[in-house]
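Trainee: Residue numbers (this note's numbering): 29 to 347. This is the structure I have questions about; it appears just below.
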């Protein structure tokens, strides 16, 4: 896989600092039942990297020490980590809000039939990827049969009460553009999603999050192979909006890799850019020892992806 880091490291992106710590985002490993073309993690069925219980215990201790109220679980497919259920139970026992960045097709895989019932039983917020409401576009991005499997899983989540305001079970969907383009306006696209998914499949959900594709890992390699990398970076930079800086996710979040090392966001993690842009990695154990909130944030040219257009974060558009 061609590395885009040498093309990103030199940057004029403005310096930013962390002002609080609301969310700890844990990457539970790169194992996934899919290999999506836009995946900035490079996840897939053959990946072996998985977070162990000892690292999860340190993460929960950090949550207690810093008063962190949200645990954002990602991957890969987080549910494929054997310790997933233990972690969710322990986090909920601490009064932590848990988000699961769910690849809904995992619910259709043999051996993972438990996922929907478990998430509902523990009041876990499901953030489910559905990059388009078009079968052709989803299958082109994620593989043949993915659209049907995703629709089936979302219908099962609805049957459990997800997406119904009366239950408190929150179901949010995630949209990624198919290629090197900025996402459409989130509110407009959300309205289209809600109408079409309801009319055609009887599916309801709470919110749609539109997320810009980052020019790193698998998607970055595809851009380079097609000679589109420079053009895409120009698009991101030309669409930069300074007002988005105040809402970027790194100002209130720390990302943790499967080994327990810390990063300013999931994208920096995939680039190997340590917390604060330092040369040395910082571990969860160090955060426990110092007890100090890390302020400095590491930046590079890919940061324009979070500030372009309407902005982009793990929670969707910024404006």
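For glycine and all other residues, C-beta sits at the position ideal for the given N, C-alpha and C. The structure presented is a predicted model; accordingly, all values stated were derived computationally and were not measured.
1) Under 8 angstroms: do the region 260-270 and the region 215-224 share three or more Cβ pairs, one atom per stretch?
2) Give the single residue among 78, 232 and 44 whose Cα lies nearest to the Cα of residue 60.
3) From 107, 122, 56 and 117, pick the residue whose C-alpha is nearest to that of residue 138; which is it?
4) Assign residue 143 to one of three DSSP states: helix, strand, or coil.
5) Alpha carbons only, please: which of 240, 342 and 197 is nearest the one belonging to residue 208?
6) Strictly by DSSP, which residues pair up with residue 153?
7) May I have the straight-line CA-CA distance separating residue 173 from residue 182, to the nearest angstrom?
8) May I ask which residues mark the beginning and end of the beta strand (DSSP E) holding residue 52?
9) Residue range of the alpha helix (DSSP H) that residue 316 falls in?
10) For residue 305, which residues from the same chain have a beta carbon less than 6 angstroms from its beta carbon, with the 5 sequence-adjacent residues on both sides left out?
11) In chain order, which alpha helix (DSSP H) runs of at least 4 residues are fully inside the region 241-277?
12) Candidates 151, 299, 279 and 340: which alpha carbon is nearest residue 238's?
13) Could you tell me the alpha carbon to alpha carbon distance between residue 302 and residue 292, rounded to whole angstroms?
14) Locate the alpha helix (DSSP H) running through residue 341, then write down its first and last residues.
15) Between 185, 177 and 73, which has its C-alpha nearest residue 152's C-alpha?
16) Taking all protein chains shown into account, do 16 or more other C-beta atoms lie within 10 angstroms of the C-beta of residue 243, making it buried, or fewer, making it exposed?
17) Are residue 156 and residue 200 touching if we call contact CB-CB under 9 angstroms?
18) Can you list, in chain order, the residues of its chain with a C-beta nearer than 6 angstroms to that of residue 177? Leave out the 5 residues immediately preceding and following it.
19) Just curious, the alpha helix (DSSP H) that residue 225 is in, first and last residue?
20) Identify whether residue 329 lies in helix, strand or coil by the three-state DSSP scheme.
21) Determine the closest residue to residue 89 out of 324, 312, 328 and 337, with distance taken between C-alpha atoms.
22) Distance, Cα to Cα, residue 331 vs residue 54?
23) Quick check: the region 212-219 against the region 245-252, are there 3 or more CB pairs under 8 angstroms?
24) What is the DSSP secondary structure of residue 284, reduced to helix, strand or coil?
25) Output the distance between the C-alpha atoms of residue 32 and residue 145, rounded to the nearest integer angstrom.
26) Along the chain, where does the beta strand (DSSP E) containing residue 235 start, and where does it finish?
27) For the putative contact between residue 319 and residue 93, defined by C-beta atoms under 8 angstroms, what is the C-beta separation to the nearest angstrom?
28) Taking the beta carbon of residue 51 as the centre, do at least 16 other beta carbons fall within 10 Å, making it buried, or is it exposed?
Mentor: On the basis of the data shown:
1) no
2) 78
3) 107
4) helix
5) When only C-alpha atoms are compared, the closest one is 240.
6) 127
7) Their backbone Cα atoms lie some 15 angstroms apart in a straight line.
8) 51-55
9) 312-318
10) 326
11) 245-253 and 257-266
12) Of the residues 151, 299, 279 and 340, the one whose Cα lies closest to the Cα of residue 238 is 340.
13) 7 angstroms
14) Taken as a continuous stretch (DSSP letters only), residue 341 belongs to no alpha helix (DSSP H), as it is neither H nor E.
15) 185
16) Taking all protein chains shown into account, residue 243 has 16 or more neighbouring C-beta atoms within 10 Å of its C-beta and is therefore buried.
17) Yes, Cβ-Cβ distance for residue 156 and residue 200 is below 9 angstroms.
18) Answer for residue 177: 133 and 136, listed in chain order.
19) 214-229
20) helix
21) That would be 312, whose Cα lies nearest to the Cα of residue 89.
22) 20 angstroms
23) The region 212-219 is not in contact with the region 245-252.
24) strand
25) Using only the alpha carbons, I get a separation of about 40 angstroms.
26) 235-238
27) 6 angstroms
28) buried
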